[in-house]
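A short worksheet on the structure shown next.
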Amino acid sequence: MAKKAKGKKPTFFADPQVDKLMAIVMALAGEVSVLRERLDTVERLIESKGLLTRQEIEAYRPNSQAAEEREQWRMEYIARILRVIHEELEAVEWGETMPESYEAAVQAVSS
Amino acid sequence: MIYEQTQHEMLPHVTHDELARQNFVQSLKVHLATAVSPGNKVVYEKRAKPRFEREHKRAPQDRHDVRRVMKDESYYQTWSALLRTSQEMMWDSVAASVERQLPVLIAKAKRNEKPLGSLTLNPQLPIPAYHTAVDIHCQPGAYHTETTADDVAAGAIYDRAVHVYAMGRMGPMNDDLGASLAAYVKQQYPNFQPYRILDMGCSVGHSTIPYVDTYPEAEVHAIEIGAPMLRYAHARAEVLGKRVYFSQQNAERTNFADGSFDLVVSHILLHETSRTAIRNIIRECHRLLKPGGMMLHVEVPQYHGMDPYDSFILDWDTYNNNEPFWGTLHDMDLVELATSGGFAQEKVIQTTIPSAFKMARSRTGLFQGGDFGGGGAWFVFGAVK
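Protein chains in written order, with the numbering used here: chain A, 1 to 111; chain B, 1 to 385.
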């Protein structure tokens, strides 16, 4: 499945790099929220079942399998955060880097 | 009031993280619509409009004047960048979830032993240029793209994404457009008894189902150009126990006989067509209706008579959300459009109807880009034959 929607992506700032940075920051903010929600679930369940103390969580160290699984997760996490960069490349590959390419679509349906 | 989406059997499941990711996008959209977007008007009144008046020795006259001066405003730039980003994150968060479970969804969609309704696909149907030029509202692959046999991905993605996009304000079944219009017809025309109803551009049938419920005696047909949408729509209607006859057709020219329908409706279809196509669609509505029958199309309000700023902010999607025909449609003379399609001038309907879920949370009471359904009301254009 394609990740990027066909059509020239608009930019809003004088420097388009700022648009890119904004998208990266918001993706990061989203993932912090995802993490916070999961952590909240876990802590509430733990609390309700009386299974763990907060000190045990603080003292935890991963074994090698857990460490590998975490590495795999981080790789996917970084790819998600840098989505906008990957899509920029798709735009280049699809030849959508010129502003006229979107204007042409407006004209095509309006004439 | 918070409307959680109904977890019907076809709706993709979400993992804990997928749901949290979609929740974040929805919360971000609510924040932008309620706490950031209205600030654009302040920036316009305090900064952009005076700047325009100084430079041009006149007030901004239309949405184009407003856009030219607002595009340099830092606040507007930031809101726009955040809104566009929220749209891309929305599709991304839903598509990743659907892709993970696609084989299961395809298998579920095929499991219809004794269907109530039907599904008729036409793989030869040409996908019109206005759907292939850009991916409408930035859904990667739009309505029609298929990447595997019996693909339902576009439909599954759309079903979930509409709920995130509308911030739940379309109701638990995403059916606010159809539910609002069906309720309006029932109330406004109590003696009108449609026996055959056609929903044009039905996508996954969100707005089709309310007609099955409102007019249980009627035969309800629905057409759409995208096969993955239709496969999902059919499967969804079946798990909901609703009888709908779906077929893959272009609303510009269908295979139904003249005078086949008492009621022809569409919901946010017209702005996703073209200047040529919309005339064909209105003419086709006229051909399909019996004498005394009615066509009704739900949209957001036309720009005519609107304050230049209000039309500018409602027009954001035209330039920034892959909705290239949005602005042109909302500038069109709808009376002329209807009469050119064969309807009498005095039979043209243009009105505003209340949303069926007007009590939903986070209504802004505004018609603005990225705040779809915020107004709590819809514009209806139509005519009686």
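In this text, a Cβ means the ideal position worked out from N, Cα and C, and glycines have one as well.
With DSSP as the reference, label Val204 of chain B as helix, strand or coil.
coil
Which residue's Cα is closest to the Cα of Lys358 of chain B: B:Asp258, B:Trp378 and B:Phe52?
Answer by Cα proximity: B:Trp378.
Using a Cβ-Cβ cut-off of 8 Å, state whether Arg38 of chain A counts as contacting chain B.
For Arg38 of chain A, the nearest beta carbon of chain B is closer than 8 Å to its own beta carbon.
If we call anything under 8 Å between Cβ atoms a contact, is Asn40 of chain B one with Tyr3 of chain B?
By the CB criterion at 8 Å, Asn40 of chain B and Tyr3 of chain B fall outside the cutoff.
Cβ contact (3+ pairs, closer than 8 Å) linking the stretch 145 to 156 of chain B and the stretch 181 to 189 of chain B:
no
Could you tell me the alpha carbon to alpha carbon distance between Asn112 of chain B and Val14 of chain B, rounded to whole angstroms?
24 Å
Quick check: Ser110 of chain A and Thr328 of chain B, are their CB atoms within less than 8 Å of each other?
yes
Taking the continuous alpha helix (DSSP H) assigned at Phe52 of chain B, which residues delimit it?
Lys49 to His56
With respect to 7 Å, is the separation between the Cβ of Ser37 of chain B and the closest non-hydrogen atom of the ligand PLP below this value?
This structure simply doesn't include the ligand PLP, nor any ligand for that matter.
Per-residue burial, Glu221 of chain B [other beta carbons within 10 Å of its own, 16 or more giving buried]:
Looking at the sequence shown, residue 221 of chain B is not Glu but His. Classification of His221 of chain B: buried, given that the 10 Å Cβ count is 16 or more.
Cα-Cα separation, Asp331 of chain B to Leu177 of chain B:
22 Å
Using a Cβ cut-off of 7 Å, which residues of the stretch 313 to 331 of chain B contact any Cβ in chain A, in chain order?
Tyr319, Asn320, Asn322, Pro324, Phe325 and Thr328
Are there 16 or more other CB atoms within 10 angstroms of the CB of Ala129 of chain B, so buried, or fewer, so exposed?
exposed
Strictly below 7 Å CB to CB, what residues from chain C border Ala105 of chain A?
The question asks about chain C, but that chain is absent: this structure's protein chains are A and B.
Gly141 of chain B at chain A interface by Cβ criterion, 8 Å
yes
What's the gap between the Cα of Glu105 of chain A and the Cα of Asp317 of chain B?
Checking the sequence, you will find Ala at residue 105 of chain A rather than Glu. Whole-angstrom Cα-Cα distance: 14 Å.
Could you please give me the residues that DSSP links to Phe261 of chain B through a beta bridge?
Beta-bridge pairing links Phe261 of chain B to B:Leu289.
Unbroken stretches of the alpha helix (DSSP H), 4 residues or longer, contained in the stretch 171 to 242 of chain B:
176 to 188, 209 to 214 and 227 to 239
Between B:His64, B:Glu73, B:Lys57 and B:Asn23, which has its C-alpha nearest Glu45 of chain B's C-alpha?
Residue B:Glu73 holds the alpha-carbon nearest to the alpha-carbon of Glu45 of chain B among B:His64, B:Glu73, B:Lys57 and B:Asn23.
Below 9 Å between beta carbons is the criterion; list the residues of the stretch 111 to 131 of chain B that meet it against any residue of chain A, in chain order.
Ala129 and Tyr130
Cβ-based burial, Ala79 of chain A [other Cβ within 10 Å; buried from 16]:
exposed
To the nearest angstrom, how far is the alpha carbon of Gly369 of chain B from that of Ile278 of chain B?
23 Å
Nearest to His137 of chain B (by Cα), restricted to the options B:Gly382, B:Pro115 and B:Phe372:
B:Phe372
With contact counted as at least three CB pairs below 8 Å, one residue from each stretch, are the stretch 163 to 171 of chain B and the stretch 20 to 27 of chain B in contact?
yes
Cα-Cα separation between His286 of chain B and Met10 of chain B, rounded to whole angstroms
35 Å
Which of the three DSSP states is assigned to Ile106 of chain B in this structure?
helix
Could you tell me the distance, in whole angstroms, from the CA atom of Leu270 of chain B to the CA atom of Thr364 of chain B?
24 Å
Limits of the beta strand (DSSP E) - the one that Pro354 of chain B falls within:
In the DSSP assignment, Pro354 of chain B falls within the beta strand (DSSP E) that extends over Val348 to Pro354.
Counting C-beta neighbours from all protein chains within 10 Å, is the total for Lys8 of chain A 16 or more, i.e. buried, or is it exposed?
buried
Please determine, among B:Phe325, B:Ile313, B:Tyr309 and B:Met295, the residue with the shortest C-alpha to C-alpha distance to Ala344 of chain B.
B:Met295
Output the boundary residues of the alpha helix (DSSP H) element that contains Ala96 of chain B.
Ser74 to Arg100
So, is Thr208 of chain B buried or exposed, given that buried needs 16 or more other C-beta atoms within 10 angstroms?
buried
So, helix, strand or coil for Leu376 of chain B, using DSSP?
For clarity, residue 376 of chain B is Gly in the given sequence; the question names Leu instead. Three-state result, Gly376 of chain B: coil.
Can you find the residues in the same chain that come closer than 7 Å, C-beta to C-beta, to Val335 of chain B, ignoring five residues on each side of it along the sequence?
Gln345 and Val348
Using a C-beta cutoff of 8 Å, does Gln77 of chain B count as contacting chain A?
yes
Taking just the CA atoms, how far does Asp307 of chain B sit from Val34 of chain A?
40 Å
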